[in-house]
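Novice:
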Amino acid sequence: MGLYPLPNGIVENTFRTANFYSSRGTKFSLHLNRPVTAALNRARFDQYLAEQAVAAGASFALNSRVQSLVISDGFVKGVNIQRGDGTQEQVSSMITVDAEGVSSRLLKQARLTALKPQGLVYAVEAEVENVRGIEDDAVEVYLSSAYTSGFYGWLIPRLDGTAKLGLGTNRGSPRDSLQTLMTKHPVACRQLANAKITKIGYHAISLGGPVEKAYANGFLAVGDCASQVKPTTGGGVIFGLTCAKIAAEAASQAILQGDVSSSALRVYQRRCSELLSFDFSVMLRLRRFLNSLSDDKVDEMLRVLGRLGVDKALSSQDEVDFQGKMMLRAVGNPSMMAALAYFAMLYLSANA
Ligand SMILES: Cc1cc2nc3c(=O)[nH]c(=O)nc-3n(C[C@H](O)[C@H](O)[C@H](O)COP(=O)(O)OP(=O)(O)OC[C@H]3O[C@@H](n4cnc5c(N)ncnc54)[C@H](O)[C@@H]3O)c2cc1C
Numbered sequence: 038m039g040l041y042p043l044p045n046g047i048v049e050n051t052f053r054t055a056n057f058y059s060s061r062g063t064k065f066s067l068h069l070n071r072p073v074t075a076a077l078n079r080a081r082f083d084q085y086l087a088e089q090a091v092a093a094g095a096s097f098a099l100n101s102r103v104q105s106l107v108i109s110d111g112f113v114k115g116v117n118i119q120r121g122d123g124t125q126e127q128v129s130s131m132i133t134v135d136a137e138g139v140s141s142r143l144l145k146q147a148r149l150t151a152l153k154p155q156g157l158v159y160a161v162e163a164e165v166e167n168v169r170g171i172e173d174d175a176v177e178v179y180l181s182s183a184y185t186s187g188f189y190g191w192l193i194p195r196l197d198g199t200a201k202l203g204l205g206t207n208r209g210s211p212r213d214s215l216q217t218l219m220t221k222h223p224v225a226c227r228q229l230a231n232a233k234i235t236k237i238g239y240h241a242i243s244l245g246g247p248v249e250k251a252y253a254n255g256f257l258a259v260g261d262c263a264s265q266v267k268p269t270t271g272g273g274v275i276f277g278l279t280c281a282k283i284a285a286e287a288a289s290q291a292i293l294q295g296d297v298s299s300s301a302l303r304v305y306q307r308r309c310s311e312l313l314s315f316d317f318s319v320m321l322r323l324r325r326f327l328n329s330l331s332d333d334k335v336d337e338m339l340r341v342l343g344r345l346g347v348d349k350a351l352s353s354q355d356e357v358d359f360q361g362k363m364m365l366r367a368v369g370n371p372s373m374m375a376a377l378a379y380f381a382m383l384y385l386s387a388n389a
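Numbering (the numbering used here), first residue to last: 38 to 389.
#1: Going along the chain, which residues of its own chain have a beta-carbon closer than 6 angstroms to the beta-carbon of residue 184, five neighbours each way excluded?
#2: Taking Cβ to Cβ, would you say residue 346 is nearer than 7 angstroms to residue 372?
#3: So is the beta-carbon of residue 68 under 6 angstroms away from any non-hydrogen atom of ligand 1?
#4: Just to confirm, does residue 253 get its C-beta within under 6 angstroms of one of the non-hydrogen atoms of ligand 1?
#5: To the nearest angstrom, report how far apart residue 274 and residue 188 are at their CA atoms.
#6: Using 8 angstroms for Cβ pairs, my map puts residue 244 next to residue 134. What's the rounded Cβ distance?
#7: Which residues does DSSP list as the beta-bridge partners of residue 206?
#8: Would you mind stating whether residue 52 and residue 339 have Cβ atoms separated by less than 7 angstroms?
#9: Measure the alpha-carbon distance for residue 376 versus residue 342 and round it to whole angstroms.
#10: Nearer than 6 angstroms: is that true of the beta carbon of residue 222 relative to any heavy atom of ligand 1?
#11: How many angstroms separate the CA atom of residue 328 from the CA atom of residue 95?
#12: Which residue's Cα is closest to the Cα of residue 262: 91, 153 and 100?
#13: Would you check if the segment 87-101 and the segment 60-74 touch, i.e. whether three or more CB-CB distances between them fall below 8 angstroms?
#14: Taking 6 angstroms as the cut-off, is the CB of residue 242 close to at least one heavy atom of ligand 1?
#15: Give a single yes or no on whether residue 200 has its beta carbon closer than 6 angstroms to a heavy atom of ligand 2.
#16: How many angstroms separate the CA atom of residue 281 from the CA atom of residue 132?
If you want it as structure tokens, here you go:
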């Protein structure tokens, strides 16, 4: 994203290993040659981006809420804001960029299709202390249809001994599922036997792939509200920021040309699509494939991936966000070919 190096205090840890566990505790480890992912202090990261925006001329109305869009003659022409002190204000703009997150309430007001509930998983993330038996540079990933249905559980260590523990599920209560993960998963229950939760939060994640239309007259939608989120991992920071940059370019071009109609802003969706549609389509298929597997099949898959040496085939990858292109790069390797043939067989047997 051109943001590195970030100021001190934002990057909490970096990782080059991911350990995947089936519900029976079978482990498949992926070791990359160098760290390719980082855990960020999200509050400080957002604050840093906000400071960059202010330095570039942006201003913020903190402690304020957009109540509704101002719509006239079929164009979005600004927003109605309620300030923290209860006062109301109307702000006019040639283009309104909606970055409201997964609620997608304003998207509906712009007459665009909101996020579909069936594409959502419900996540919980906790801060924990006293985790044991984990490596500093490895993320732990737990797979179980019983309590991480449609997604997975994660444990992400920080260097100060604390960790982020979470999961997403499309069934039941995320809080109860987290409790089950901590007490019933054969590996997690050992790692978290003495763990203490110090903070907990809940949020939905949209895994359905980008919305069909993220633009209207005088209006652009970016980030989670446009579902610019990886359907495999639920990561939305890289794709959201990538699309936000394209949105900024499309908006400034439209304003300079004096045409903010939906036909002028269509270029935003086209450019996002050109850049991301291949990766999204691969990741959507991967998500559907993973969701179709029983716990026994997941267990078998992790064993087979280990036996085929997929770990070594992927070890030189230095970028894991664009997963469609990543698979293309790895596909020439015989282990990956064998793994793909095996996936195809699993897919056919799961969907027969
Ligand atoms: C538990 C969990 C873990 C995650 N982990 C990762 C990860 O490791 N890596 C990764 O890439 N992604 C991760 N994600 C996803 C990532 O957090 C989101 O994709 C990203 O935050 C989306 O950014 P956004 O700006 O679109 O939306 P948000 O971050 O949701 O921000 C939307 C903002 O708009 C504000 N808002 C909403 N409505 C209004 C209104 N009417 N008026 C004014 N303000 C409003 C909200 O208060 C909020 O501040 C995770 C998500 C969850 C839930």
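For every residue, glycine included, the Cβ atom is placed at its ideal position computed from N, Cα and C.
Note that the coordinates shown come from a computational prediction; the quantities given were computed from them, not determined experimentally.
Specialist: Considering the structure as presented:
#1: Position 147 of the sequence shown, counting from 1, holds the residue named residue 184. Taken in chain order, the residues that qualify are 214, 217 and 218.
#2: In the sequence shown, the residue the question calls residue 346 occupies position 309. In the sequence shown, the residue the question calls residue 372 occupies position 335. Yes; because the gap between Cβ atoms is below 7 angstroms, this pair is in contact.
#3: Start at 1 with the first residue of the sequence shown, and residue 68 comes out as number 31. Residue 68 Cβ: outside cutoff for every heavy atom of ligand 1.
#4: Looking up residue 253 in the sequence shown gives position 216. Every heavy atom of ligand 1 is 6 angstroms or more from the Cβ of residue 253, so no.
#5: Stepping through the sequence shown from its first residue, residue 274 is reached at position 237. Stepping through the sequence shown from its first residue, residue 188 is reached at position 151. Using only the alpha carbons, I get a separation of about 18 angstroms.
#6: For the purposes of this step, residue 244 is taken as residue 207 along the sequence shown, with counting starting at 1. For the purposes of this step, residue 134 is taken as residue 97 along the sequence shown, with counting starting at 1. Wrong, their Cβ atoms sit about 23 angstroms apart, outside the cutoff.
#7: Walking along the sequence shown from the start, residue 206 turns up at place 169. Partner(s): 159.
#8: Taking the first residue of the sequence shown as position 1, residue 52 is located at position 15. Taking the first residue of the sequence shown as position 1, residue 339 is located at position 302. In this structure, residue 339 does not lie closer than 7 angstroms to residue 52 by Cβ.
#9: Numbered from 1 along the sequence shown, position 339 holds the residue referred to as residue 376. Numbered from 1 along the sequence shown, position 305 holds the residue referred to as residue 342. For residue 376 and residue 342, the distance between alpha carbons rounds to 7 angstroms.
#10: Locating residue 222 in the sequence shown gives position 185, where the first residue counts as 1. Not so, every heavy atom of ligand 1 lies at least 6 angstroms from the Cβ.
#11: In the sequence shown, the residue the question calls residue 328 occupies position 291. In the sequence shown, the residue the question calls residue 95 occupies position 58. Rounded to whole angstroms, residue 328 to residue 95 spans 42 angstroms at the Cα level.
#12: For the purposes of this step, residue 262 is identified with residue 225 of the sequence shown, where counting begins at 1. It is 153 whose Cα lies nearest to the Cα of residue 262.
#13: no
#14: Residue mapping note: residue 242 aligns to position 205 of the sequence shown, counting from 1. Answer for residue 242: yes, Cβ within range of ligand 1.
#15: Ligand 2 is not part of the structure shown, which contains ligand 1 as its ligands.
#16: Here residue 281 corresponds to residue number 244 of the sequence shown, with the count starting at 1. Here residue 132 corresponds to residue number 95 of the sequence shown, with the count starting at 1. Taking the straight line joining both Cα atoms gives about 14 angstroms.
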